[in-house]
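In what follows, a single structure is set out as structure tokens and then discussed.
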Ligand code: SF4
Ligand code: SF4
Ligand code: SF4
Ligand code: FES
Ligand code: FES
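Residue numbers (the numbering used here), protein chains in the order written: chain Z, 37 to 633; chain S, 52 to 205.
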């Protein structure tokens, strides 16, 4: 059915646009920028901040552009004196309740409220300053996220994010009128409620009210300590995101520049989470095949299928709270970050002749939940905290800026050895569907001795931004030892964003699915859309990052995890075999049931 | 007091187990036990499959859905402009004096809680106060003392 079109005028220019779109969309089409605060392309309309007001001929009040649908014959002015005055008042009113301390605010320079204050040249307190009366509080008890109510403008982007994208609603609007605020259940600290630390609320917050807990100074300290050996690992999605924070564009691949920058920052060894992502595939792929054998051949009832992935710590916390009866379905593999950490203070330290207590392991992640994961008591299998500090992509960019580097001018450099080599299969971990694809590339080959039957190894059905994806791979002409898999159609499902994870898990729970293997990432788009990635974010930007990830994969010589020479070497020299004794000790973990709320 | 679970299930029978049942359920619990505690809100969230933060958000939006324990009789004095001009300050001071508590507090015998509220639609007969669901209008110092005495006897 064709959509109806509507003709209107904005600032005297005619524009034709689909019915059902908003004045904001129409203005964008003509390249008129209307400021917004509560509006976000990922989220439903809220219309509560009123900073997007415009003038409409014939209307008594100023409509909010983000919340008003276009209509035939409308005449809109986006920059009249009335409009400018109204917007200025909106910003001034917000500031009257706002603890404006930009110079000491973590969001300084990256804050949408600050930008508006600059744009409207707010120079004095027009309205009574109410901050002192407010009794604002700061919750900095979580290892991942800081919530500072004195910086909150109650736009509710966080609330809508946690509800719409994550289906959790850990945050809600409480009280009303001048006491209205954003809070958890009973206003408890975020770390003590059902929050997954995914950081999506952080990457959707326009101000400094929700930010990651940053460990920049701590990392500088260890770098500057000559007695310590600081290793750094970089997650797959950082290399396609970091550029955005450093004046490059979404989709720019900056792997080599990032390595160069890390080396210049002073890390003793620049290594790659992609190495341990390949390792994860060896362990998880073997685990899947073992589970299939136990379930299909030995009829072992204690073995649970479908098996789900375990590399997203936001997903892990979600299932621990919401579907604890399925914890046995979760792969026991640690995430690549934690596999790397456990090896850094054992295998790596030994090989380099270092004392484990002198090794500090830092990771650069697109994720805030990884900060929480590194803090979990289970993550100390090396005898030390396996990962000492987790920085987000945004924090790394801040360090690069502090160091005064011209990032875009850096020459590409290569990762150090050992634990620096990786394959294309590891790179795609950064995208939704990537772990599935990487696992299939390896598992299929183990079982049949042949490459996966997809053109150029690209398993297209598992790719893309669709919320829930399904794929079936028929296994044929298997090697003799995998006879039980002959003719089996491996049934896979993928979800990203916890609202989609919920849809998938409810399907499993209702017995409506026959999946063998499920990949779930807590964030929309997978890690490339993680809560620690550059802002702003939208599906358009996620798509560009995703394209970059698959380009990176195709650009690499090796694209299957089992072809990683360093992974092969670590099994020979240290681990023995996948799921072997050493692996169990260092690379696998357990989960625990948590309360539902 | 009825068992909260039963109470919720009863309301769900009438209103269904979706979000629209939230208000009637919360009202019923408050009617039954004067306030909503943590466990109650968890039960409600569980029964309707919504988040506890949402339940808490709704409860704190409505003045009459208390989330802190209250006395047997909750007194709410209107603070809005008409009642203010009609002399609500004297009424409030009298109540504080008689009950020996401040705003938001509950008497040690858990009989009275003293709160301030917004307009109740009785502006033409201010100053007014509510004691639970009963409205008292055109209050004077003496009238307030009598009313409290009556409730003391109950
Ligand atoms: S939140 Fe924004 S406006 Fe407020 S202090 Fe921080 S940078 Fe400044
Ligand atoms: S915490 Fe941030 S996103 Fe949430 S309401 Fe406040 S300003 Fe908006
Ligand atoms: S971190 Fe994630 S789960 Fe926690 S409040 Fe924010 S969006 Fe919700
Ligand atoms: S952006 Fe339109 S009302 Fe907030
Ligand atoms: S002002 Fe008190 S009832 Fe309206």
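Using N, Cα and C, we set each Cβ at its ideal position, and we do this for glycine too.
7 Å Cβ cutoff, residue i in contact with chain C
i	result
residue 208 (chain Z)	The question asks about chain C, but that chain is absent: this structure's protein chains are Z and S.
Distance cut-off 6 Å: residue i Cβ against heavy atoms of ligand 2
i	result
residue 203 (chain S)	no
residue 236 (chain Z)	no
residue 636 (chain Z)	Outside the shown range of chain Z (37 to 633) lies residue 636 (chain Z), about which nothing can therefore be said.
residue 430 (chain Z)	no
residue 69 (chain Z)	no
Distance cut-off 6 Å: residue i Cβ against heavy atoms of ligand 4
i	result
residue 486 (chain Z)	no
residue 73 (chain Z)	yes
residue 109 (chain Z)	no
residue 63 (chain Z)	no
residue 241 (chain Z)	no
residue 86 (chain Z)	yes
Under the three-state DSSP convention, the category residue i falls into
i	result
residue 126 (chain S)	strand
residue 226 (chain Z)	helix
residue 43 (chain Z)	strand
residue 115 (chain S)	coil
residue 268 (chain Z)	strand
residue 510 (chain Z)	strand
residue 303 (chain Z)	coil
residue 588 (chain Z)	helix
residue 397 (chain Z)	strand
residue 369 (chain Z)	strand
residue 435 (chain Z)	helix
residue 34 (chain Z)	Nothing about residue 34 (chain Z) can be read from this structure; chain Z reaches only from 37 to 633.
residue 635 (chain Z)	What the structure shows of chain Z is the stretch from 37 to 633, and residue 635 (chain Z) is not part of that stretch, so it cannot be assessed.
residue 178 (chain Z)	coil
residue 203 (chain Z)	coil
residue 37 (chain Z)	Model confidence at residue 37 (chain Z) stands at a pLDDT of 47, short of 50, so the residue's coordinates are unreliable and nothing is read from them.
residue 553 (chain Z)	strand
residue 540 (chain Z)	helix
residue 526 (chain Z)	strand
residue 631 (chain Z)	coil
residue 532 (chain Z)	strand
residue 75 (chain S)	helix
residue 187 (chain S)	strand
residue 171 (chain S)	coil
residue 210 (chain Z)	strand
residue 615 (chain Z)	coil
residue 504 (chain Z)	strand
residue 180 (chain S)	strand
Proximity below 7 Å, CB of residue i to CB of residue j
i	j	result
residue 298 (chain Z)	residue 443 (chain Z)	no
residue 217 (chain Z)	residue 185 (chain Z)	yes
residue 595 (chain Z)	residue 493 (chain Z)	yes
residue 314 (chain Z)	residue 479 (chain Z)	no
residue 108 (chain S)	residue 210 (chain Z)	yes
residue 459 (chain Z)	residue 600 (chain Z)	yes
residue 53 (chain Z)	residue 106 (chain Z)	yes
residue 376 (chain Z)	residue 309 (chain Z)	yes
residue 347 (chain Z)	residue 566 (chain Z)	no
heavy atom of ligand 1 below 6 Å from residue i C-beta
i	result
residue 159 (chain Z)	no
residue 244 (chain Z)	yes
residue 124 (chain Z)	no
residue 136 (chain Z)	yes
residue 250 (chain Z)	no
Residue i Cβ short of 6 Å to ligand 5 heavy atom set
i	result
residue 351 (chain Z)	no
residue 423 (chain Z)	no
residue 179 (chain S)	yes
residue 136 (chain S)	no
Near ligand 3: residue i beta-carbon under 6 Å from a heavy atom
i	result
residue 142 (chain S)	no
Whole runs of the alpha helix (DSSP H) within the region 242–267 of chain Z, excluding any shorter than 4 residues: 252–260
Just by C-beta distance, which residues in the region 98–131 of chain S are closer than 9 Å to chain Z? 101, 102, 103, 104, 105, 106, 107, 108, 109, 110, 111, 112, 113, 114 and 118
Segments of 3+ residues assigned as beta strand (DSSP E) that fall wholly inside the region 69–151 of chain Z: 111–113
Which residues of the region 183–211 of chain Z have a Cβ closer than 7 Å to any Cβ of chain S? Give them in chain order. 204, 205, 206, 207, 208, 209, 210 and 211
Fully enclosed by the region 413–475 of chain Z, which alpha helix (DSSP H) runs are 4 residues long or longer? 429–438 and 460–463
Near-chain Z residues of the region 69–92 of chain S (beta-carbon distance less than 8 Å), N- to C-terminal order: 89 and 92
When Cβ atoms are compared, which residues of the region 217–247 of chain Z fall closer than 9 Å to chain S? 219, 220, 221, 222, 223, 229 and 230
Extract the residue ranges of the beta strand (DSSP E) inside the region 85–112 of chain S, only unbroken runs of 3 or more that lie entirely within it. none
Any residues in the region 357–381 of chain Z with a beta carbon nearer than 7 Å to a beta carbon of chain S? Which ones, in chain order? none
For the region 155–181 of chain Z, list every residue whose C-beta sits within 7 Å of some C-beta in chain S, in sequence order. none
At a Cβ cut of 7 Å, what residues of the region 156–178 of chain S count as close to chain Z, listed as they run along the chain? none
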